[in-house]
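S.K.: Residue numbers (the working numbering): 1 to 458. We treat Cβ as the ideally placed atom computed from N, Cα and C, and that holds for glycine.
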């Protein structure tokens with residue numbers, strides 16, 4: 001595939017967003033697939049989970065890696081793949097104000113963020129909840145019309161009501177399901193009648209935006225026995241999992257990143273209450289109590305392994321998540337609940353900066369900014385910065401690499417060697433720390449084109 005063809009498949013706004021995000025050391029919300037190098041095994045493992053969810057199953061995964069290792073990138077990449085395959089996704093980052101369990105709104109704040117970021121194939125950037133419900137109603141109408149019923153007749157309205165209420169009947173018997181179904185029915189009726197006030201009130205309730213039952217009752221116009229709050233928000237995540245499959249989606253995938261913020265909670269009881277919520281999620285999804293839902297959590301090794309404050313400090317989770325005595329670090333095991341991100345290989349790092357170079361040249365219309373030998377020299381400098389067991393991360397490498405490209409483009413009188421001359425001097429005698437030219441040639445011979453979202457198939 002030549003560069004002209006590649007330019008056509010990458011919208012300018014996505015290309016700009018990807019380069020700006022990578023340069024700032026953050027993960028692009030859209031376009032991550034264009035810089036995806038490595039992690040194929042991890043992606044395939046989670047896509048296999050999603051195939052199970054599509055059949056009505058459920059699952060939970062922990063993606064563990066140090067800061068900058070690519071866990072947030074992998075989460076966004078999987079989110080993009082999942083929405084393309086008909087899943088509804090919701091994602092959030094935990095913060096001191098957003099937790100899995102808390103008082104004063106810190107629990108429901110996580111739910112609200114998930115609902116705000118709810119995405120589908122038609123709304124990949126978030127805000128998909130009203131569109132999902134509207135599409136459900138629209139699809140039901142189309143199905144009835146195709147069966148021979150005429151719109152705007154009493155028979156059509158009765159059949160539509162029956163169809164909608166049948167879809168909701170399954171969730172009515174779940175915890176919180178009766179009120180959930182009643183509010184969705186209200187939204188359906190308000191949507192059909194053009195009552196914007198009632199449809200807005202229903203969406204607010206579904207998003208967890210009412211702080212009291214009295215306020216909710218006044219806005220909705222009928223008596224609700226519950227509102228979504230700190231205590232029960234996870235029950236409504238399970239309700240969404242059941243509903244989205246019932247109305248035609250493949251399932252519901254929930255991404256919760258920056259779980260290290262739970263590890264940072266100083267108060268032991270509060271921290272353990274959050275870990276109890278994780279245990280509840282784990283038991284529900286792995287035992288089959290939940291349906292049509294996959295939960296993916298991202299965190300650092302400390303969040304998982306610290307026996308004083310991490311998940312391993314909570315015995316019920318440690319016994320479920322710790323490695324088997326037979327699982328050694330050199331073995332690959334992606335079938336368990338924990339996926340540990342290893343360092344990208346030298347060849348993958350080279351392919352990564354080569355991909356970034358292609359995108360940079362597309363964006364700025366510059367060619368031959370940096371040679372293959374210079375890329376190799378840059379990577380060897382980066383690798384030489386590793387100390388002991390520390391790991392050079394893709395975030396660090398890409399941030400530095402884009403800085404070098406920016407300087408070379410904006411200062412044409414400056415050479416590559418002048419830009420990097422103040423960095424660490426390589427020990428040319430230590431060949432084990434250097435990427436070989438042979439390795440680079442292997443990558444160049446096997447260089448795959450920018451693949452986009454069609455790369456992985458079930």
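#1: Excluding the 5 residues flanking residue 23 on each side, which residues of the same chain have their C-beta closer than 7 angstroms to its C-beta?
#2: Heavy atom of the ligand ZN less than 7 angstroms from the Cβ of residue 47, yes or no?
#3: Using three-state DSSP, classify residue 421 as helix, strand or coil.
#4: Would you call residue 308 buried or exposed, if buried means 16 or more other Cβ atoms sit within 10 Å of its Cβ?
#5: Check whether the Cβ atoms of residue 31 and residue 344 lie closer than 8 angstroms to each other.
#6: What residues match up with residue 280 in a beta bridge as DSSP calls it?
#7: Can you tell which of 364, 241, 70, 316 has the C-alpha that lies nearest to the C-alpha of residue 174?
#8: When DSSP labels each residue in this structure, what does residue 13 get in the three-state scheme?
#9: Beta carbon of residue 409, beta carbon of residue 419: below 8 angstroms?
#10: Tell me which same chain residues have a C-beta within less than 8 angstroms of the C-beta of residue 492, skipping the five on either side of it?
#11: Is DSSP giving residue 254 helix, strand or coil here?
#12: Roughly how far, in whole angstroms, is the beta-carbon of residue 160 from the beta-carbon of residue 134, given that I think they are within contact range, below 8 angstroms?
#13: Nearest-angstrom Cα distance between residue 349 and residue 224?
#14: Is residue 155 helix, strand or coil by DSSP?
#15: Buried or exposed: residue 367, going by 16 or more other Cβ atoms within 10 Å of its Cβ?
#16: What is the rounded straight-line gap between the Cα of residue 212 and the Cα of residue 227?
#17: In the structure shown, what three-state DSSP assignment does residue 466 receive?
#18: I'd like to confirm the pairing. Which residues does DSSP put opposite residue 296 in its beta bridges?
#19: Could you name the residues of the same chain whose beta carbon sits closer than 6 angstroms to that of residue 54, not counting the 5 residues immediately before and after it, in chain order?
#20: Does the distance from the CB of residue 502 to the CB of residue 120 come in under 8 angstroms?
#21: Between which two residues does the alpha helix (DSSP H) carrying residue 134 extend?
#22: State the Cα-Cα distance for the pair residue 143 and residue 150, rounded to the nearest angstrom.
#23: Using the DSSP secondary-structure output, state which residues sit across from residue 338 in a beta bridge.
#24: What is the DSSP secondary structure of residue 175, reduced to helix, strand or coil?
#25: May I ask you to report which of helix, strand or coil DSSP gives residue 41?
#26: Jot down the residue ranges of each uninterrupted alpha helix (DSSP H) in the region 362 to 421, minimum 4 residues, whole runs only, in chain order.
#27: Quick one: what's got a C-beta closer than 7 angstroms to residue 117's C-beta in the same chain, skipping five residues either side?
#28: Between 416, 413, 421, 406, which lies nearest to residue 20 when the distance is taken from Cα to Cα?
#29: By how many angstroms is the C-alpha of residue 291 removed from the C-alpha of residue 285?
#30: So for residue 19, helix, strand or coil by DSSP?
#31: Run the CB neighbour count on residue 147, radius 10 Å, all protein chains shown included, and call it buried at 16 or more, exposed below.
#32: From the DSSP output, in three-state form, read off residue 307 for me.
#33: CB residue 101 to CB residue 273, shorter than 8 angstroms?
#34: Under 8 angstroms, do residue 77 and residue 362 count as touching if we go by C-beta distance?
#35: Where residue 220 and residue 246 are concerned, what is the direct C-alpha to C-alpha distance, given to the nearest angstrom?
M.R.: With the given structure in hand:
#1: Apart from the 5 residues on each side of it in sequence, residue 23 sits with its Cβ closer than 7 angstroms to the Cβ of 399, 402 in its chain, given in chain order.
#2: This structure simply doesn't include the ligand ZN, nor any ligand for that matter.
#3: Note: residue 421 maps to coil in three-state DSSP.
#4: By the neighbour-count rule (16 or more Cβ atoms within 10 Å), residue 308 is not buried but exposed.
#5: No, Cβ-Cβ distance for residue 31 and residue 344 is not below 8 angstroms.
#6: In the DSSP assignment, residue 280 forms no beta bridge with any residue.
#7: Closest in C-alpha terms to residue 174, from the list 364, 241, 70, 316, comes 241.
#8: Helix.
#9: With respect to residue 419, residue 409 sits apart: the two C-beta atoms are not nearer than 8 angstroms.
#10: Limits of the chain in this structure are 1 at one end and 458 at the other, which puts residue 492 out of reach.
#11: When secondary structure is reduced to three states using DSSP, residue 254 falls in the strand class.
#12: Actually they do not touch by this definition, with Cβ atoms about 14 angstroms apart.
#13: Going by the C-alpha atoms only, they are around 55 angstroms apart.
#14: Here residue 155 sits in helix by DSSP.
#15: With fewer than 16 other CB atoms across the displayed protein chains lying within 10 angstroms of its CB, residue 367 is exposed.
#16: Roughly 7 angstroms separates the two Cα atoms.
#17: Outside the displayed range of the chain (1 to 458) lies residue 466, so it cannot be described from this structure.
#18: According to DSSP, which records beta bridges pairwise, residue 296 is partnered with 61, 255.
#19: Excluding its 5 nearest sequence neighbours in each direction, residue 54 has C-beta neighbours in its own chain below 6 angstroms: 250, 251, listed in chain order.
#20: In the structure displayed, the chain extends from 1 to 458; residue 502 sits before or after that span and is not available.
#21: It spans 129 to 146 - the alpha helix (DSSP H) in which residue 134 sits, taken as one unbroken run.
#22: In a straight line, the C-alpha of residue 143 is about 11 angstroms away from that of residue 150.
#23: Paired residue(s): 62.
#24: In this structure, residue 175 counts as coil in the three-state DSSP scheme.
#25: Three-state result, residue 41: helix.
#26: If we require 4 residues or more, the alpha helix (DSSP H) runs fully inside the region 362 to 421 come out as 372 to 384, 394 to 410, 416 to 420.
#27: Contacts found: 90, 91, 92, 126.
#28: In terms of Cα proximity to residue 20, the closest of 416, 413, 421, 406 is 406.
#29: Roughly 8 angstroms separates the two Cα atoms.
#30: The DSSP-derived three-state label of residue 19 is helix.
#31: Exposed, since its Cβ has fewer than 16 Cβ neighbours within 10 Å.
#32: Here residue 307 sits in coil by DSSP.
#33: Yes, Cβ-Cβ distance for residue 101 and residue 273 is below 8 angstroms.
#34: Contact: no.
#35: If you take the alpha carbons of residue 220 and residue 246, they lie about 24 angstroms apart.
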